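Yeah, the sequence shown ends on 422 if you go by numbering that gives the first Met the number 0, and it's all consecutive. By construction, the Cβ of each residue, glycine as well, lies at the ideal position given by its N, Cα and C atoms. Quick caveat, the model's predicted, so the values are computed rather than measured.
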Amino acid sequence: MELIYADNNATTAVAPEVREVMAPYLADDYFNPSSMYEPARRTAHAVEAARATIAGLLGMGDPSELVFTGGATESNNAALFGAARANPGRRHVITTAVEHPAVLEVAEEMARQGFAVDFLPVDRQGRLDIKDLIRALRPDTLIVSAMHANNETGVVFPVAELARVVKETDPAILFHTDATQSVGKLPVDLSGEHANVDLLSFSGHKLHAPKGVGGLFIRRGSRWRPFLVGGHQERNRRAGTENVPYVVGLAVAVELAARHREKEAAHLASLRDRLEALLVERIPYVAVNGREAPRLPSTLNVAIHFIEGEGMLYQLDAFGICASSGSACTSGSLEPSHVLRAMQVPFTAVHGSVRFSFSRYNTMAEVERIAEVFPEIVARLRRLSPYWDTERNTPRPEALAMLESTASPAESADRPSAHGNSA
Ligand code: PMP
């Protein structure tokens, strides 16, 4: 059975070009870049060349503004905790209700440490209201952290505008964005459109580099202190021997994505739009989460009313189709996604959302196959659903009445109470 991998927001295949450029550094060129002999100097140069490439492609003013990390989780932790360390007088943090746990949990930890934390709500399409941000800003605000593109829905926040508003209010407030899902897919220009962003996180494994490598952009002059301390690597900003092969691979991955971005975006949008159209046509009681909002071209999150996401994933898996649901298993209980709850996705669908996410390696034939298999899976599971009247093949009247009600008043509050490990 041919595998159809449609879960590229969770992770991506390492590109052959990336594997190729990494290979020598996993073999003969294994030297520590800090060592004082010629072969080691070559590895140090490789790291600096990678830094310059990525810095150039993301519009950084200087390569030294890029610190290599072990991925976006580390970059996000470093951004927020590093900001706090450098600005002890500022005790207020603003983020959004729909961030990845790698920001949300950091914000929760800061709240436990005594910071005041605001989680900005989103509307039913997953959009922020900039007025909510303006109202939330305080004289003691340390940092605003708002993601560029959402990993579950693909909804894109107007990061350039958010950052501008923050800086116009108080230039000392740091603006951070988790750009893990957007780098390589959307334009990022830290000297142009995104010139007000101080800190930006990204990760290799979402753009065809390996897992365990990423970056944190720290604008020159930002008040920020290191998070990981130890050796003097990365100009004392991130201790630990450089991951030479992965850093070299990361640069090629960013380069490939940048070089082909427009063509790839068109390809991804054609796959996503086709799947979206077919599923909406073939499945009754389906909604597209974030449909009215600007979205990544690669991501389709569908709310399937009256059934559970997990059931659908198991059945898709049986057909060799890899996708994701909005729910994540949190300490044994299935919690609906905090993102969909914040968007007030109706109760009948908040557990039944499925995410398909594509990459350059997906094809239209795969989309057609998903669109053939998935509606049948939905129909089969609905026949087993307590909300479904199998004889009449429609939802039961009491289920229909619930269609517009969100998870529960408490659960749909803007502040998330629990979040899983959604990728
Ligand atoms: N932020 C977002 C938006 C993500 O999608 C992910 C990956 N699921 C992360 C952060 C964490 O990235 P990493 O796996 O590189 O730590």
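Can you tell me whether Ser416 is helix, strand or coil according to DSSP? For the purposes of this step, residue 416 is taken as residue 417 along the sequence shown, with counting starting at 1. Confidence is the limiting factor: at Ser416 the pLDDT is only 39, short of 50, which leaves the residue's position unreliable and the question unanswerable from this model.
Just to confirm before moving on: does the CB-CB distance between Gly88 and Asp139 stay below 8 Å? Taking the sequence shown and counting its residues from 1, one reaches residue 88 at position 89. Taking the sequence shown and counting its residues from 1, one reaches residue 139 at position 140. Yes, the Cβ-Cβ distance between Gly88 and Asp139 is below 8 Å.
Quick one: is Val187 buried, meaning 16 or more other Cβ sit within 10 Å of its Cβ, or exposed? The sequence position of residue 187 within the sequence shown is 188, counting from 1. Counting Cβ neighbours within 10 Å, Val187 comes out buried, since at least 16 surround it.
Gly229 versus Phe216: straight-line alpha-carbon distance, rounded: Indexing the sequence shown from 1 puts residue 229 at position 230. Indexing the sequence shown from 1 puts residue 216 at position 217. The straight-line gap from Cα to Cα measures roughly 20 Å.
Euclidean distance between Cα positions of Asp197 and Val158: Translated into positions along the sequence shown, residue 197 becomes position 198. Translated into positions along the sequence shown, residue 158 becomes position 159. Taking the straight line from one Cα to the other gives about 12 Å.
Could you check whether the Cβ of Thr389 sits closer than 7 Å to any heavy atom belonging to the ligand PMP? The residue you call residue 389 lines up with position 390 of the sequence shown. The answer is no for Thr389.
Output the distance between the C-alpha atoms of Glu309 and Ala276, rounded to the nearest integer angstrom. Here residue 309 refers to the residue found at position 310 of the sequence shown. Here residue 276 refers to the residue found at position 277 of the sequence shown. Taking the straight line from one Cα to the other gives about 23 Å.
Considering Leu199, what are the terminal residues of the beta strand (DSSP E) in which it resides? The residue labelled residue 199 in the question sits at position 200 within the sequence shown. Here the beta strand (DSSP E) through Leu199 covers Leu198 to Ser202.
Going by the C-beta, is Ala101 closer than 7 Å to any heavy atom of the ligand PMP? For the purposes of this step, residue 101 is taken as residue 102 along the sequence shown, with counting starting at 1. Result yes, Cβ under 7 Å from the ligand PMP.
Could you tell me if the beta carbon of Ala12 falls within a distance shorter than 7 Å of some heavy atom in the ligand PMP? Sequence index remark: in the sequence shown, residue 12 carries index 13 (1-based). No, since every heavy atom of the ligand PMP falls outside the 7 Å radius drawn around the Cβ of Ala12.
Classify Ser404 as buried or exposed, calling it buried when 16 or more other Cβ atoms lie within 10 Å of its own Cβ. Position 405 of the sequence shown, counting from 1, holds the residue named residue 404. Exposed, because fewer than 16 other Cβ atoms sit within 10 Å of the Cβ of Ser404.
For the region 37–124, which segments carrying the alpha helix (DSSP H) assignment without a break, of at least 4 residues, lie completely within its bounds, in sequence order? 37–56, 71–85 and 100–111
Measuring only the C-alpha atoms, how far is Asn420 from Pro100? On the sequence shown, residue 420 is found 421 positions in, with the first residue counted as 1. On the sequence shown, residue 100 is found 101 positions in, with the first residue counted as 1. Any reading at Asn420 needs caution, since the residue's pLDDT is 45, under 50, leaving its predicted position unreliable; the model's value is listed next. Approximately 7 Å between the Cα atoms of the pair.
On the DSSP bridge list, what partners appear for Tyr4? Translated into the one-based positions of the sequence shown, residue 4 becomes position 5. Bridge partners of Tyr4: Cys321.
Tell whether a beta-carbon distance below 8 Å holds between Tyr145 and Leu127. Against the sequence shown, residue 145 aligns to sequence position 146. Against the sequence shown, residue 127 aligns to sequence position 128. Here the sequence assigns Ala to residue 145, which means Tyr is not the residue at that position. Yes, these two residues count as a Cβ contact at 8 Å.
For the pair the region 161–180 and the region 371–384, tell me if three or more CB-CB distances fall below 8 Å. no
Let me check one thing: in DSSP terms, what residues is Phe174 bridge-paired to? Working through the sequence shown from its first residue, we reach residue 174 at position 175. Phe174 is bridged to Val143.
With a CB to CB cut of under 7 Å and the five nearest residues on each side skipped, what residues in its chain are close to Gln25? Numbered from 1 along the sequence shown, position 26 holds the residue referred to as residue 25. What sits at residue 25 in the sequence shown is Leu, not Gln. Taken in chain order, the residues that qualify are Pro244.
Rounded to the nearest angstrom, what separates Ser330 and Glu37 at their Cα positions? By 1-based counting over the sequence shown, the position of residue 330 is 331. By 1-based counting over the sequence shown, the position of residue 37 is 38. Any reading at Ser330 must be qualified, since the residue scores a pLDDT of 41, below 50, and its modelled position is unreliable; the value itself is stated next. Whole-angstrom Cα-Cα distance: 51 Å.
Return the CA-CA distance between Ala48 and Leu206, expressed in angstroms with no decimal places. Residue 48 sits at position 49 when you count from the first residue of the sequence shown. Residue 206 sits at position 207 when you count from the first residue of the sequence shown. When rounded, the distance between both Cα atoms is 19 Å.
Determine the contact status of Gly248 and Ala302, defining contact as a CB-CB distance below 8 Å. In the sequence shown, residue 248 corresponds to position 249, counting from 1. In the sequence shown, residue 302 corresponds to position 303, counting from 1. Not a contact, by the Cβ cut-off of 8 Å.
Whole angstroms is fine: what's the gap from Ala12's alpha carbon to Tyr4's? Position 13 of the sequence shown, counted from the first residue, corresponds to residue 12. Position 5 of the sequence shown, counted from the first residue, corresponds to residue 4. Computed Cα separation, rounded: 9 Å.
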